[in-house]
Every structure is written in C-alpha cells, then in structure tokens.
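Chains as they are written, first to last, in the numbering used here: chain D, 1 to 197; chain B, 1001 to 1802.
All residues carry an ideal CB built from backbone N, CA and C; glycine is no exception.
Because the structure is a prediction, the values reported are computed rather than measured.
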Ligand code: FES
Ligand code: FES
C-alpha cells in the first residue's frame, strides 16, 4: 500500500508498505528518520514517541496506514516545531529521503567538541538544550521519546510541578539516569521558557 | 547538581590536586558536557539498530521453545523456499570445527547442536529482504524435539543420576568442583569461625533469595555485518568490549582477526548484558553466506533471551556478635544459578565469595560460593557482579544483629565498619581510604523527608504521592513509613590475576592554526560518559582545548571491557599515560627548537597549559603551535593497573582485587499495608569516588545505579517456571523496570578521598550504588511493616500474607 503523510512539515510518500508495518518502522526504515527509537515495539517504553496531529503517541503502536493524510513530528523535527509553535503549521522538516543512518554517515561520526554537528552550531529546541545541560542524556536511547513528551508537556503547562512532570513522563522508560537529571532538565527548560516570556 | 548534592573534597596535597593542565578549560574535575549530546538529542546519533545499507537483508533468529531437549531433526526446506529468503543456516552450516564460544569457557553453541539447554536458545538463523519475511520464514522451520527433564536448582543439579548439562566438560574448573553441574566453587576460610562463634553473645542466621534481574538496557541487541571484498567482514555493533567479541568471533568464522573489522556503533545502555556475544556471529555468518550486508535487530521479547541476566541466588548466612556489638564471625554459603552456559559465572563466584563479608571487620570467616549449571536462562555479568546478591543478605543480617542487641542499625555497622588497612576475608589489605562509617553518617545526617507528604498541598490528599498512585487505592489510610540503611563494598576492575590492560592512541598536531589532540581507544561508550572524560583527560595532560575522540574500533589495541567500574580507571589511565608520553615528546621538540632561547627549557619543570608551554612558575616559553608546526606526535601505548593474583582454590587467600568502591544508602518508604503496595519516598546515597573527573556524570552514574537497585527490591524479576524452566515474562509489560513515577528523589553525597594508586586518585563508581540500594529499600520496608522479608523483589503478597 501507499501512504501519504506529513513528517516534520514535509510531505512524504511511502510505497510498498506492508499491512502490518508500524509508523515507527516506516519512519525509521523507509523515511530515513531513525531518531524515534525501537526499544520495545510493544507500546511500553515510550522511546518511539512522536506527535501525531500534535498528540504524543507510541509510533510502534500506530499502523502506518492510520497516518494517511496526517501530520507527524519526530525528534528530528522538534527544534523546528518548537520554533514554529506559534504558527498552526510547523516549518519545513529535515527528512533526508535516504533510509536509516547510512553507514557512511555513521562512519564519519566523531566526538568533536568543535564540530558543528555536535557543538554549538546546531539549532536546538529549548528542551533539547536543557537535556544536554542538565546531564539528562547518558546512553540517550530514551532521549528522543522523552524530548517529544516533555516538549508537549511544556507546551500544555509552562510551569509544571514535579508531580506534573512525573505524570507526563511516566510512559517513558529510562534505564540509565534514575530520572533525577531528567526532572532537572524539564525544570530547567521550564525556567528558561519563563525567563524569555 | 542543585541543593540536593553535597561534596566533600580531599585534603590538598593528595593525588587529586592536579598541577598539569589545571588552567586549561574543560579539564578533569569540571562538569563538561557530553560531546555526543547534541547528536543524541536531535535523533542523529547512530545507534546499532539505526544502521542502514543499500541492498541490506534482515536477519532473524529462531529460538528453542523448550528448555531442555534433544534435537532429533531440523527441516529448513520450507523456510528456504519462501520468496524473499536468502539464507537459512543451522549448526550444520557452520564453517569451521569451532562451533562454540564463551567469555572464559567455550561452552555456548553458536547454534544449538544435538541438544538445547535453555528456553530461547538460538537454533537457526534466517536472512530475508524484510524483517517480517525473515520472521515468517523462521516460523516454517520444523524442529523435532525430544524433551528431557529440566534441572532448575541445586537439588536437581546434584541429585544422583542427574543429567549433566555439559557432558564432556574439559575446562580448568572441572578438577576442583564437587559435581560437573557446578561451574565453579570458591571457598574462603580465614581464622576459625567455629571457635569464634563460641565468643558470640548473639548468633543470627538467615536464608535469602535474590531474584533473576535483567539489565533491560533500552537499545536492543543489534548490528550490521557487511561482507568485504577481501573475504572478511566489517561489523558495526553495540558491545561492551570489541576485542573480546573479536577473539570469540574469529575462530568460529575461520577468519584471521584482521579480516574482521569491528566498529562500535551507538550503544543504548549495557549494564553487563553486552559482555557476551548475541547477534554478532549470526550476522557475520549470514553476511558471508549471502554476500550481502545483514542487519539484525532484536525485539524486546528476543532481547530477554538474547543476553545473560543477573544470577539469581540463594544465600545462607550466620553471623555472631558480642554484647558490645562487635562481630565475632561469619559463615555463609552462596549458591548462584548460572543457567545453561558458563558466561561470566566463574568470575561472579570469585566476586561473591571475596566480597561476601561486606565492608566489615570480621576476622573469622567460613565462606563458600558456587555457581550451578541448570536449564534456566544463562546468567553472567550485570552491574554489581556477584557483590549485589551478597550485599542484600549481609545487610539484612546486620539489621537482625542490631535488633537482637537492641542497637541502632547504623551504630552497629559503624562499630564494625572496615577502614583503610582492614584485612578482607581473602587476607588482602585494603590499601586506600574506606570511609564506610563516614558514608553511613552522611546519609543518616540528612533531614528526613516530611511525613505524610501527600497532604502537603492541602486537606485533599494528592494520591500521586501515595503508594498505588493514580490508581487511587488509598488516601493515606493504612499507610506506614519505614526507614532503612545499607552499605556495600564492590571491587573495581578485573580481578584474580587477569591481565587488565587498556590501550590508547593519542595524536597531537596543528589543524587550522590550532593545536588539536586526537584520542583513539577501543573503549565502548555505552552511555557512561567515557568519551567526555577522555577529552577532559587529554585537555588536562596536553593543555589544549580542542580534542577529538575517534570512534572506537579494532584498528587500535584493546581497551578491555566497559564493565567492573573499570573504564575511567583503566582506559582513562591509558589515555593519561599516553598523553604524558606525548607531552614529553612535544617538550622534546620544543627543547630542540627553542632550547637555546631560554634556560628554563633545560632546568624547569614544564607544563602544557592553555595551548602553551609554561614553567611550573607560570612563565610562558612557547606556543604549542610553534613547537609542533607541521609535525605531529602520535603514540599508541598500553597501560595496566597493579597486578592482582588468583584466590587460592582451598583457602580463598590472595590479593585478588585492585581497588574497592563504597556506597551507602538510606531508604525512606511508605507502605500501604492493606494492599501491599510500596512507594519509595527518598533514596539518599553517599559514595566515595576518589576524584570526580566529571561531577555531573558521577551523579548520573550514582543515581542510575541506585534506581536499578531499587528496581530489584520492589519490582524486577525474570520469572522462570520451576517445572519447565521457561521464561514467563519476556516483555516490558510483565518485566517491570522503574518509571519516573516509581523512582524517588535521589540526593547524593559525594566524597573525594583519593586512592593514591589510581590515576588522579579516582575510584570506579558505576557499580557500588547498585549494591546497597536494594537492601536499604528492603530494610525500610521491614522497618515499616515488621515483616521478615528475605527475598527480592518484594511483592504485594509478601506484605499482606496472601
Ligand atoms: S518502542 Fe514504542 S513504546 Fe517502546
Ligand atoms: S539515557 Fe539510557 S535509557 Fe535513558
């Protein structure tokens, strides 16, 4: 089957999609957007969280066919989405058209503090920057899902209490951090958001 | 971070006061940010399951549906005939006579041959053009199993006439184990426990059960194997130790090691679960057979079968103490269930035995630890490695003794706390700070969280703060509070004479007018932050701000495993050592070029700082850029910590460990006694880290480890059916790990008492917080309920007696 939908503000078309393929699979393996993670594919961990017409969902539980004509925002489009939050429509996304992370791209990776890809040059959503600054990223596998969920929380509730944060993020497992730094990060993002208002 | 955290610094003059590079920004001791952070928050970081190659195939593993059976036949014809399928391989297709692998004992079949020994053992592998095609084809493979009786515990393993899990054992442990279904046995006898027991005023004993825990790292086992033109293969994979994988993969494939080029791809957590091979050989076999790149990604269900777990354990302890609270003796027997294959069991046995007395002064001990072969899932490395199970039991014993003596449990521990210089049961002296009493004092001195916090906001109870949370099971009635303490001791690094070295390659050159250092190691970054720390070390030692960390691969010498809390110590040590030598070379170049201009080049102690060569008095002699110009300095060196020695097989005596790490916890819990629901309110921790190279990462490790320990206390357990040895809960629906709602605030106290034998005085930190977290929570629940509770995890039925 063929599925047409918008990903990070850009019209996408996926061909030859199997009946049982999830939105997560289509994003990761057909659209070149591996940012949404595949930690359980059972709807239990939240690593695959994306926004579907603005609502956070586990993309592993959404059949690809269900997104026909709808709008999806993934972690790859989060910075852009945050920037255009005021507009009804998110800006143009960054779907590359290639699939997955190509081996070449992966091979070129180096942890380089001055490299624009790892350093200050990248444009980040406030919540993304806060996760880095607060030390909320360790292995980072839970991070994309948490970011999408946390960004939505902050959109709904500019100054959430700790209990609000815990409730909003209770569907996202993290095995590395013990969550303390994740709470710090969301508090930090909220505080910075308040400063700029 | 924040007001939650206090730090106590070492006195100046200790090895933690660093002179070299201390003025260079981003050096050790600073909370510099992860160099991979931006990629990780934008979704661009390439984890092993994200790899993609044009024309690639998907691999899938068919696993046994039974725990113990003879394989009469395997019919793959229908699977192979499925359209889209490129290869279906079984044991018969293995290319060489080497059909097993293993960390220490090569007893794990690449694909089952003749017999399956545990539920979920790999039997066949399939490569196809779509993951679903591969799965469906695998379902068409017909296997004729003849079921065998299952061995699931010590009684069935050593019963007369019990089937041998490994019928032809020829490993080096077989000579000293009492039964071939025992992998390894380590006794430790010191002093005379029986005689010392005579002096005891009180004696307490207990039987404890520790459930099977799963590492449950979030990034699934995965990787991509790409066949190479030279007949070799390139493997991109998430692992903890590239060179250990390579050593096991090469003989099975029948390829020389240099034809298998391994590169670490992004690792989504590990916690010991990636120390053994999972899909590595399978992907390579399929790639070499089909001539195409093959990607394998386990789903969560398969992940529960794809890696070893934490050993479940049965522990029997006896302790005695005098009326004034001094421990007289300790006897214990620890039985670890190693499951069907050895994995790291022998080393886990050594650890459990040697650390079984905990951080206490006990001169007379009689200890025995064994690991069994059974048909249960294989167990091996997991954060805390044998010390966790023992800590759970000895800490319960400490509370029992304190209660018998009517003493405060913390005071009782303080009286018996070991210190620097204390002899451990192995006869080894602890030759670095052991602030056990101080760590307990720190957690105890914290103010307790206010009572009945659920009422904080007003008259209406906030159910989110109560046991049961939003399921609204209580509004505070039937809720009781308890407080519990625990402390633990963990070894750092590989022990028992293992040649525990690491390798680093460091290059210094001028790029775009700036001095840049490049650090290349094979260290697996699994999330712990090694890449951050290596850059900090290079900045400190070389006085430059620009440091590039090259991806880990097998083009550089081994870094050893990212486990045993050892990487900052050992690979960090290797980076430091190599940088020091590079620095010397840079200074030599400077002396040759500029030596005649200033006498200090020959006479003063020189440092590299802020991109310059300076004297220890602060005088600038040259820019590093001018010293190097077009030249580069490039060195690859190995570095080792102090040697250790094996434990004597009869007495357990020997200097087996290189360093110890200590943490203490205080848990505050609230229990709904009617429904048996537990809410952990706070889990305070104090730990000595020797020197915090990156304070922010240190906190992350301590809080993460604490949470894993809490998980096993109240929810985590792989449940294996005792009749069939089948795993009942291989999913995140049924195997529960703590969510952010289950996890309390975790305030941390960090001590920095330098270990003079370690680089910068540092102490391995990753594991210690996992140890005492579990018993502290259990102690708090006992304190709240008055129940005995001798197993993990505590379930509602244990609290309500139903
Ligand atoms: S991968 Fe979708 S919820 Fe876990
Ligand atoms: S950082 Fe590893 S799972 Fe959250």
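For residue 1109(B), the three-state DSSP class (helix, strand or coil): The count along the second chain starts at 1 and reaches residue 1109(B) at position 109. It is a strand residue.
With a Cβ-Cβ cutoff of 8 Å, do residue 1370(B) and residue 1185(B) count as a contact? Working through the second chain from its first residue, we reach residue 1370(B) at position 370. Working through the second chain from its first residue, we reach residue 1185(B) at position 185. Taking 8 Å as the Cβ cut-off, residue 1370(B) and residue 1185(B) qualify as a contacting pair.
Could you check where the alpha helix (DSSP H) with residue 1533(B) kicks off and where it finishes? Taking the first residue of the second chain as 1, we reach residue 1533(B) at position 533. Run containing residue 1533(B): 1530-1542, per the alpha helix (DSSP H) assignment.
For residue 186(D), which residues of its own chain have a beta-carbon under 8 Å away from its beta-carbon, when the five flanking residues on both sides are left out? Against the first chain, residue 186(D) aligns to sequence position 186. So the list reads 127, 130, 150, 153, 154, 160, 165 and 169, once near-sequence residues are dropped.
Can you tell me the Cα-Cα spacing of residue 1228(B) and residue 1271(B), whole angstroms? As a first step, residue 1228(B) is located in the second chain; it is residue number 228 there, counting from the start. As a first step, residue 1271(B) is located in the second chain; it is residue number 271 there, counting from the start. Residue 1228(B) and residue 1271(B): Cα-Cα distance of roughly 32 Å.
DSSP-derived helix/strand/coil call for residue 1775(B): Residue mapping note: residue 1775(B) aligns to position 775 of the second chain, counting from 1. Helix.
Can you grab the Cα-Cα spacing for the pair residue 98(D) / residue 1118(B), in whole Å? What you label residue 98(D) is simply residue 98 of the first chain in a count that begins at 1. What you label residue 1118(B) is simply residue 118 of the second chain in a count that begins at 1. For residue 98(D), the predicted model reports a pLDDT of 41, less than 50, meaning its position is unreliable and no value from the coordinates is stated.
Compute every distance between the C-beta of residue 1430(B) and the non-hydrogen atoms of ligand 1, then say whether any falls below 7 Å. The residue labelled residue 1430(B) in the question sits at position 430 within the second chain. No.
For a contact meaning CB atoms closer than 7 Å, what does residue 137(D) contact in chain B? Residue numbering aside, residue 137(D) sits at position 137 when the first chain is read from its first letter. 1034, 1037, 1040 and 1041, listed in chain order.
Using a Cβ-Cβ cutoff of 7 Å, what residues of the region 156-178 of chain D are near chain B? List them in chain order. 163, 166, 167, 169, 170, 173, 175, 176, 177 and 178
Compare the C-beta of residue 128(D) against all C-beta atoms of chain B and say whether one is closer than 8 Å. Along the first chain, one-based indexing puts residue 128(D) at 128. True, the Cβ-Cβ gap to chain B drops below 8 Å.
I want to verify the contact list: residues of chain B whose CB lies under 7 Å from the CB of residue 143(D), in sequence order. As a position in the first chain, residue 143(D) is number 143, starting the count at 1. By Cβ distance, chain B contributes 1040 and 1041.
Leaving aside the five residues before and after residue 1566(B) along the sequence, list all residues of the same chain whose C-beta is less than 8 Å from its C-beta, in chain order. If you number the second chain from 1, residue 1566(B) lands on position 566. Closer than 8 Å at the Cβ level, and outside the excluded window around residue 1566(B), lie 1492, 1493, 1494, 1500, 1560 and 1764.
CB of residue 36(D) within 8 Å of CB of residue 74(D), strictly: If you number the first chain from 1, residue 36(D) lands on position 36. If you number the first chain from 1, residue 74(D) lands on position 74. Yes, these two residues count as a Cβ contact at 8 Å.
Within the same chain, show all residues whose beta-carbon is closer than 6 Å to that of residue 1578(B), passing over the 5 residues directly before and after it, in chain order. Taking the second chain and counting its residues from 1, the one referred to as residue 1578(B) is at position 578. For residue 1578(B), where only same-chain residues beyond five positions count, the Cβ hits under 6 Å are 1504, 1506, 1635 and 1637.
Around the Cβ of residue 1378(B), are there at least 16 other Cβ atoms within 10 angstroms (buried) or fewer (exposed)? Locating residue 1378(B) in the second chain gives position 378, counting from the first residue. By the neighbour-count rule (16 or more Cβ atoms within 10 Å), residue 1378(B) is buried.
Check for me: the beta strand (DSSP E) holding residue 1586(B) runs from which residue to which? For the purposes of this step, residue 1586(B) is identified with residue 586 of the second chain, where counting begins at 1. No beta strand (DSSP E) holds residue 1586(B); the alpha helix (DSSP H) holding it covers 1567-1594.
What would DSSP say about residue 1647(B), mapped onto helix, strand or coil? The sequence position of residue 1647(B) within the second chain is 647, counting from 1. Here residue 1647(B) sits in coil by DSSP.
CA nearest to the CA of residue 1144(B), picked from 1132(B), 1115(B), 1131(B) and 1464(B): Numbered from its first residue, the second chain carries residue 1144(B) at position 144. Residue 1144(B) has its Cα closest to that of 1115(B), out of 1132(B), 1115(B), 1131(B) and 1464(B).
Does the Cβ-Cβ distance between residue 1509(B) and residue 1519(B) come in under 8 Å? Walking along the second chain from the start, residue 1509(B) turns up at place 509. Walking along the second chain from the start, residue 1519(B) turns up at place 519. No; because the gap between Cβ atoms is not below 8 Å, this pair is not in contact.
8 Å Cβ cut-off: residues of chain B touching residue 74(D): As a working mapping, residue 74(D) is identified with position 74 in the first chain. Result: 1043.
Residue 140(D) (DSSP reduced to helix, strand or coil): Here residue 140(D) is taken as the residue at index 140 of the first chain, counted from 1. In this structure, residue 140(D) counts as coil in the three-state DSSP scheme.
For residue 88(D), does the three-state DSSP call read helix, strand or coil? What you label residue 88(D) is simply residue 88 of the first chain in a count that begins at 1. Residue confidence for residue 88(D) is low, a pLDDT of 41 falling below 50, so the modelled location carries little weight; the figure read from the coordinates is stated next. Three-state DSSP puts residue 88(D) in coil, outside helix and strand.
Same chain only: Cβ atoms within 7 Å of residue 85(D), ignoring 5 sequence neighbours per side: Here residue 85(D) refers to the residue found at position 85 of the first chain. Closer than 7 Å at the Cβ level, and outside the excluded window around residue 85(D), lie 155.
Per DSSP, what kind of secondary structure is residue 1745(B) in: helix, strand or coil? What you label residue 1745(B) is simply residue 745 of the second chain in a count that begins at 1. Strand at residue 1745(B).
How is residue 30(D) classed by DSSP in three states: helix, strand or coil? Residue mapping note: residue 30(D) aligns to position 30 of the first chain, counting from 1. Residue 30(D) falls in the helix class under three-state DSSP.
Rounded straight-line distance, which links the Cα of residue 1549(B) to that of residue 1363(B): Indexing the second chain from 1 puts residue 1363(B) at position 363. Indexing the second chain from 1 puts residue 1549(B) at position 549. Distance between the alpha carbons of residue 1363(B) and residue 1549(B) is about 47 Å.
Return the bridge partner residues of residue 1059(B) from the DSSP annotation. By 1-based counting over the second chain, the position of residue 1059(B) is 59. Paired residue(s): 1127(B).
Listing by chain order, which chain B residues have their CB less than 9 Å from the CB of residue 14(D)? By 1-based counting over the first chain, the position of residue 14(D) is 14. Those do not exist, as residue 14(D) stays about 14 Å from chain B at its closest Cβ, beyond 9 Å.
For the region 33-44 of chain D, enumerate the residues whose C-beta is nearer than 9 Å to any C-beta of chain B, in chain order. 33, 34, 35, 36, 37, 38, 39, 40, 41, 42, 43 and 44
Taking only beta-carbon positions, decide if residue 47(D) is within less than 8 Å of chain B. Taking the first chain and counting its residues from 1, one reaches residue 47(D) at position 47. Yes, residue 47(D) counts as interfacial toward chain B.
Starting from the beta carbon of residue 1267(B), find every residue of chain D whose beta carbon is closer than 7 Å, and list them in chain order. By 1-based counting over the second chain, the position of residue 1267(B) is 267. Going along chain D in sequence order, the residues near residue 1267(B) (Cβ under 7 Å) are 139.
Can you pull the chain B neighbours of residue 27(D), defined as C-beta to C-beta under 7 Å? The residue you call residue 27(D) lines up with position 27 of the first chain. Residues of chain B passing the Cβ test: none, with the nearest at roughly 10 Å.
Examine ligand 1 and report whether any of its heavy atoms sits within less than 7 Å of the Cβ of residue 1206(B). As a first step, residue 1206(B) must be located in the second chain, where it is residue number 206. Outside the cutoff, so no.
Give the C-beta separation of residue 1348(B) and residue 1386(B) to the nearest angstrom, bearing in mind that I take them to be a contact with Cβ-Cβ under 8 Å. Numbered from its first residue, the second chain carries residue 1348(B) at position 348. Numbered from its first residue, the second chain carries residue 1386(B) at position 386. That pair is a contact at about 4 Å.
With a threshold of 8 Å between beta-carbons, can residue 83(D) be considered close to chain B, or not? Here the question's residue 83(D) lines up with position 83 in the first chain. For residue 83(D), the answer is no, since every Cβ of chain B falls outside 8 Å of its Cβ.
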